Amino acid sequence: GAHVFRDAARATSVRPLASFHCSAQTMGAFNDNVTFSHIAREWRCKWESKEGDLAELQKVLDSKLAAIKAVDGVVSVQRVVCGGCQDYKVVTKLDADKFGAWEEAKFAPEAEFLAEIEKLGVKRIETQTYTLETL
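Residue numbers for the sequence shown follow the numbering used here, so the first one is 157 and each next one is one higher.
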């Protein structure tokens, strides 16, 4: 069937990250006091069953984790699970200067991950790109 993946940044009229400047020093800035040196890509969905969807989601992530971590510039890969609102999120944080190459590669293995979780029947499959800094 047709993929219904949504890029939340584009869907909510947030200015795409690509419009922000990244200097040769691998630092970007939204303004004078909000700067960044990392960009993250998030894949997310809503699950319904702890024994079914959630367990299967983790199997899919486990099968892709080595490929995600092998992306040049990866700083961290985090998994977020909320039992209350049934969120499942994977956040991959990269050095800002390496992010463009991953974007050009269509965030591989993103397409495979999203296609596999779509087959599970999970809801609201979305992606989003944003800056992510430790303060």
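Glycine included, C-beta positions come from ideal geometry on N, C-alpha and C.
Quick caveat: nothing in here was measured; it's all calculated off a predicted structure.
Classification of residue i by the beta-carbon crowding that lies within 10 angstroms, buried from 16 upward
i: R197; result: buried
i: A252; result: buried
i: D218; result: exposed
i: T283; result: buried
i: G184; result: buried
i: K228; result: Before going on, a small fix: residue 228 reads as Asp here, not Lys. D228 should be labelled exposed.
i: S169; result: Per-residue confidence for S169 stands at a pLDDT of 33, beneath the threshold of 50, marking its modelled position as unreliable; the derived number appears in the next sentence. Under this definition S169 is an exposed residue.
Distance CB(residue i)-CB(residue j) smaller than 8 Å
i: F263; j: K220; result: no
i: V233; j: D243; result: no
i: L213; j: K249; result: no
Backbone CA spacing between residue i and residue j [nearest angstrom]
i: N189; j: T290; result: 15 Å
i: I281; j: A261; result: 20 Å
i: C241; j: E207; result: 16 Å
i: H194; j: R200; result: 19 Å
i: K279; j: A211; result: 15 Å
i: T191; j: A267; result: 30 Å
i: G239; j: V216; result: 19 Å
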